[in-house]
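J.: Residue numbers (UniProt numbering): 1 to 181.
Where is the CB? At the ideal position from N, CA and C, for every residue including glycine.
Before I ask anything, here is the structure I am working with.
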Amino acid sequence: MFYGYTSPFHLSPKAPKKAKKKSADSNSNVFSIFEQSQIQEFKEAFTIMDQNRDGFIDKNDLRDTFAALGRLNVKQEEIDEMLKEASGPVNFTIFLTMFGEKLKGADPEETILNAFKVFDPEGKGVLRKDFVTEMLTTQADRFSPEEMEQMFAAFPPDVAGNLDYKNLVHIITHGEEKDQE
Ligand SMILES: [Ca+2]
């Protein structure tokens, strides 16, 4: 692993248990907003962003995620901006809540598209091919190398290795050509 830092969350023996009875579980409701399949998509996006796998997305995770995307000079303000809606460390429930507010009723394509957009804050519409490959083959656990090859054959990245992820998301959610299930 190339993460030189140690996250405070990683070291703490265990997050202190929440007060026994959760009052009006405002957080757990978010799970009922989404379809199970949508929650799974979010979970995958969360796992990808949680670069050090401690169950929280923090500034270091975001920085590492951007680095994985080839952006090494992310401004601190950019990262702060992304996290400012959360009052503390972002676990999956909070992550879902943050997205949930914005994505109520969103279809799966839009959901995944928004997950990709997180990695594309400048709205360029493209992501590094290498990153997309790693994301889909190692994290999403559903694309074989052969499938990735087919995908890139159908939607080749440009010479700089950038991939139009909107097309990609469309394929993921609708299938290639054969869009009847
Ligand atoms: Ca983390």
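Indicate, with yes or no, if ligand 1 has a heavy atom lying under 6 Å from the CB of F56.
T.: On the sequence shown, residue 56 is found 56 positions in, with the first residue counted as 1. The answer is yes for F56.
J.: How about D50: is its Cβ closer than 6 Å to a heavy atom in ligand 1?
T.: In the sequence shown, the residue the question calls residue 50 occupies position 50. Answer for D50: yes, Cβ within range of ligand 1.
J.: Check whether the Cβ of D61 sits closer than 6 Å to any heavy atom of ligand 1, and report yes or no.
T.: Numbered from 1 along the sequence shown, position 61 holds the residue referred to as residue 61. D61 Cβ: within cutoff of ligand 1.
J.: What whole-angstrom Cβ distance do R128 and L69 have, given they're in contact under 8 Å?
T.: By 1-based counting over the sequence shown, the position of residue 128 is 128. By 1-based counting over the sequence shown, the position of residue 69 is 69. The pair is a contact, with the Cβ atoms about 6 Å apart (cut-off 8 Å).
J.: Taking only the alpha-carbon atoms, compute the straight-line gap between F95 and T47 and give it to the nearest angstrom.
T.: As a position in the sequence shown, residue 95 is number 95, starting the count at 1. As a position in the sequence shown, residue 47 is number 47, starting the count at 1. Their Cα atoms are separated by approximately 11 Å.
J.: For D164, I'd like the list of residues in its chain whose CB is within less than 7 Å of its CB, leaving aside the five on either flank, ordered along the chain.
T.: As a working note, residue 164 is residue 164 in the sequence shown. Only G125, V126 and F155 meet the Cβ criterion.
J.: Which of helix, strand or coil does DSSP assign to V74?
T.: Residue 74 sits at position 74 when you count from the first residue of the sequence shown. Looking at V74 - three-state DSSP - the assignment turns out to be coil, as it is neither helix nor strand.
J.: Could you spell out the range, first to last residue, of the alpha helix (DSSP H) harbouring R63?
T.: In the sequence shown, the residue the question calls residue 63 occupies position 63. Counting along the chain, the alpha helix (DSSP H) containing R63 begins and ends at K59 to A68.
J.: For the candidate residues P145, N167, M135 and H174, whose alpha-carbon lies nearest to that of K43?
T.: Residue 43 sits at position 43 when you count from the first residue of the sequence shown. Ranking the options by Cα distance to K43, first place goes to M135.
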